[in-house]
Amino acid sequence: MSSQDPDRARRAGRALDAANFFLADVRDGLGPYLAVYLLTEQHWDEARIGLVMSIATVAGIVAQTPAGALVDATRAKRLVMVVAAIIVTLASLLLPLFPGFGPVAISQGIAQAATVVFPPAIAAVSLGIFGHAAFTRRIGRNETFNHAGNAVAAGLAGLFAWRFGPTVVFYLLGAMAVASLVSIIAIPERAIDHDLARGLHDAAGDKRRETPSGLAVLLTCRPLLVFAICVLLFHLSNAAMLPLVGQKLALQDKSMGTSLMSACIVAAQVVMVPFAMLVGARADRWGHKRFFLAALLILPIRGALYTLSDNPFWLVGVQLLDGVGAGIFGAIFPVIVADLMRNTGRFNVAQGAVITAQSIGAALSTTLAGLVVVGAGYSAAFVTLGAVAAIGAIVCLVALPETRAWNLAAAGEDSAADISYRSRMSRPNLKD
0 MSSQDPDRAR RAGRALDAAN FFLADVRDGL GPYLAVYLLT EQHWDEARIG
50 LVMSIATVAG IVAQTPAGAL VDATRAKRLV MVVAAIIVTL ASLLLPLFPG
100 FGPVAISQGI AQAATVVFPP AIAAVSLGIF GHAAFTRRIG RNETFNHAGN
150 AVAAGLAGLF AWRFGPTVVF YLLGAMAVAS LVSIIAIPER AIDHDLARGL
200 HDAAGDKRRE TPSGLAVLLT CRPLLVFAIC VLLFHLSNAA MLPLVGQKLA
250 LQDKSMGTSL MSACIVAAQV VMVPFAMLVG ARADRWGHKR FFLAALLILP
300 IRGALYTLSD NPFWLVGVQL LDGVGAGIFG AIFPVIVADL MRNTGRFNVA
350 QGAVITAQSI GAALSTTLAG LVVVGAGYSA AFVTLGAVAA IGAIVCLVAL
400 PETRAWNLAA AGEDSAADIS YRSRMSRPNL KD
């Protein structure tokens, strides 16, 4: 698209920048603020908080793969994102009015089911506008603006919560949602190549299109299955860490719980920005697997460091490592899926399937962490979560090939060694 109409592509890029910035707060919903709110304002215990967060995540698991399939199939990708943003905002704004266990579980389940649309939709629109050659750089830019938006939103949440109380985060979410709707609508519809957005491209340089592979490709692509397992373990380790830190901070000073949580989020998001930029600039050269492995290895270190002190400054400082791991993961995830699903036409449903594994890990993470905290304390929970990530790093190192070989071979840029490697790795396992 960019080569055919540079001005339209530039306008689309600027609109995508704004959409990623403002959707940052919306796509995560209440996130870790929910745990702080329920602990300090509603006086729930850690196990109950973990349970309701897990119930909400299950709704996302059920919706995830269908959401990816919807993004593959629809040519109304902007409308899908607009509707999802409205649903997330309404569900979250209703929470303070209905704070019982049932209403909270239902409202957050609805919100979680809607948020799963955003990652595949943003990646699909990016691929449909900029193509495979510029995709890694574009995803790095998306994540840069996403993390910048999260940092600004968290900073405002901390400042306003200190001044007006923790419920202010609900209204901040509503304001960000309105801005995100304007940004999404500003993306030129004609800039999006919907066939390219699902992972297809021009066959032999002409206007003929390849046809999508069967859905069985999701099960016959062994590297995709290995990647899904590693993603599950990453989020089984990572998802509960920040809520646990927020709970520890809130127990020390309930009046400052939300503000201290915001400090943790801002610290991590500020670090995520340069690491997302690094992935976008260097991943194609250094290798996609190496970046993903680095994201996994950060988690055991982070979990161990959390056990050394309860000092708020120490906890916020250790949270900087979340910026390294999550910054790398967010930028490299869609790139690896695009590598493996190139020319299949199943890019977004594959994203949905792998994010389903991610959601399963996240759901189990909060439940696991809550049970370990109640039974053995916070330090034991952090060590347990770190050990899970260490297992994921071993699986990645041993079983996941360098996916960049698929990308280079498909683009005709690979060396003889790359062609041989891709052929050897894919021949028995990749069946359309």
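As numbered in numbering that gives the first Met the number 0, the sequence shown has no gaps in its residue numbers, which increase by one up to the final residue, 431. No residue lacks a Cβ here, since even glycine has one placed at the ideal position from N, Cα and C.
Residues of its chain near residue i, where Cβ-Cβ distance is below 6 Å and the 5 sequence neighbours each way are ignored
i: V230; result: V353, A356, Q357
i: E401; result: G286, K288
i: L304; result: V317
i: V269; result: A150
i: D201; result: In this prediction, D201 has a pLDDT of 47, which is less than 50 and means its spatial position is unreliable; what the coordinates show is noted afterwards. Hits under 6 Å: none found.
i: A415; result: Unreliable placement is indicated for A415, whose pLDDT of 35 sits below 50; the coordinate value is still reported in the next sentence. Nothing listed; no residue qualifies.
i: S53; result: A362, T365, T366
i: V51; result: V103, A104
i: F332; result: none
i: P5; result: none
i: W46; result: Looking at the sequence shown, residue 46 is not Trp but Ala. Around A46: G369, V373.
i: A83; result: A113, V116
i: M424; result: Confidence at M424 is low in this model, with a pLDDT of 41, below 50, so its placement is unreliable and no value can be given for it.
Span of the alpha helix (DSSP H), counted from its first residue to its last, around residue i
i: H193; result: 193 to 196
i: W468; result: The question about residue 468 has no answer here: the residues shown for the chain are numbered 0 through 431.
i: F346; result: 346 to 375
i: I184; result: 167 to 184
i: R7; result: 5 to 26
i: S236; result: 221 to 237
i: S308; result: Premise fails: S308 is in no alpha helix (DSSP H) and is neither H nor E.
i: H131; result: Taken as a continuous stretch (DSSP letters only), H131 belongs to no alpha helix (DSSP H), as it is neither H nor E.
i: A113; result: 100 to 114
Proximity below 8 Å, CB of residue i to CB of residue j
i: D71; j: R197; result: yes
i: S179; j: V25; result: yes
i: A349; j: L217; result: yes
i: L232; j: G360; result: yes
i: V61; j: G154; result: no
i: I183; j: A18; result: yes
i: A110; j: G351; result: no
i: A123; j: N347; result: yes
i: L512; j: A239; result: Past the boundaries of the shown model lies residue 512; the chain is included only from 0 to 431, so the question cannot be answered.
i: A432; j: G148; result: Here the chain covers residues 0 to 431 and nothing more, so residue 432 does not appear.
i: L126; j: L195; result: yes
i: P187; j: R301; result: no
i: T135; j: A282; result: yes
i: G108; j: A55; result: yes
i: A380; j: V371; result: yes
i: L399; j: F226; result: yes
i: V278; j: F290; result: yes
7 Å CB neighbourhood of residue i in its chain, flanking five on each side removed
i: D205; result: Only weak support is given to the placement of D205: the predicted model assigns it a pLDDT of 42, under 50, and the value that follows is read from those uncertain coordinates. Closer than 7 Å at the Cβ level, and outside the excluded window around D205, lies no residue.
i: A152; result: A23, D24, L171, M175
i: A120; result: V70, K76, V79, M80
i: L319; result: A266, A267, V270
i: M276; result: G139, T143
i: A392; result: L292, L295, L296
i: F21; result: G148, M175, A178, S179, S182
i: L235; result: G360, L363, S364, V387
i: R137; result: S125, F129
i: P118; result: Q350, I354
i: A203; result: Summary for A203: the model assigns pLDDT 40, below 50, so the residue's position carries little reliability, and this model does not support an answer.
i: Y377; result: L243, K247
Contacts around residue i, its chain only, beta-carbon distance under 8 Å, and the 5 residues preceding and following it disregarded
i: I390; result: L232
i: D284; result: It is worth fixing the name first, because residue 284 is Arg in this sequence and not Asp. Once the five neighbours on either side are set aside, R284 has no close Cβ partner at all.
i: S106; result: A90, S91, L93, L94, F97
i: L214; result: R345, V348
8 Å Cβ cutoff, residue i in contact with chain C
i: A267; result: No chain C is present in this structure, which holds just one protein chain.
Could you tell me whether the stretch 73 to 87 touches the stretch 186 to 194, where touching means 3 or more Cβ pairs closer than 8 Å? Between the stretch 73 to 87 and the stretch 186 to 194, the count of C-beta pairs closer than 8 Å reaches three or more; the two stretches touch.
Say whether the stretch 161 to 171 touches the stretch 302 to 317, bearing in mind that this needs 3 or more beta-carbon pairs closer than 8 Å, one atom from each stretch. Contact between the stretch 161 to 171 and the stretch 302 to 317 is absent, with fewer than three C-beta pairs closer than 8 Å.
Does the count of Cβ pairs from the stretch 336 to 354 and the stretch 309 to 327 closer than 8 Å reach three? Touching, no, given that fewer than three Cβ pairs across the two stretches are closer than 8 Å.
Between the stretch 141 to 151 and the stretch 87 to 95, can you find at least three pairs of beta-carbon atoms closer than 8 Å? Cβ pair count under 8 Å is below three, so no.
Counting beta carbon pairs with one atom in the stretch 328 to 339 and one in the stretch 118 to 135, are three or more of them shorter than 8 Å? Touching, yes.
Do the stretch 377 to 386 and the stretch 237 to 247 meet, that is, are 3 or more Cβ pairs less than 8 Å apart? The stretch 377 to 386 vs the stretch 237 to 247: in contact.
Could you tell me whether the stretch 287 to 303 touches the stretch 319 to 328, using the rule of 3 or more Cβ pairs below 8 Å? Contact between the stretch 287 to 303 and the stretch 319 to 328 is established, with three or more Cβ pairs separated by less than 8 Å.
What residue ranges within the stretch 45 to 92 form continuous alpha helix (DSSP H) runs of no fewer than 4 residues, ordered along the chain? As far as the stretch 45 to 92 is concerned, its whole alpha helix (DSSP H) runs of at least 4 residues are 45 to 72, 76 to 92.
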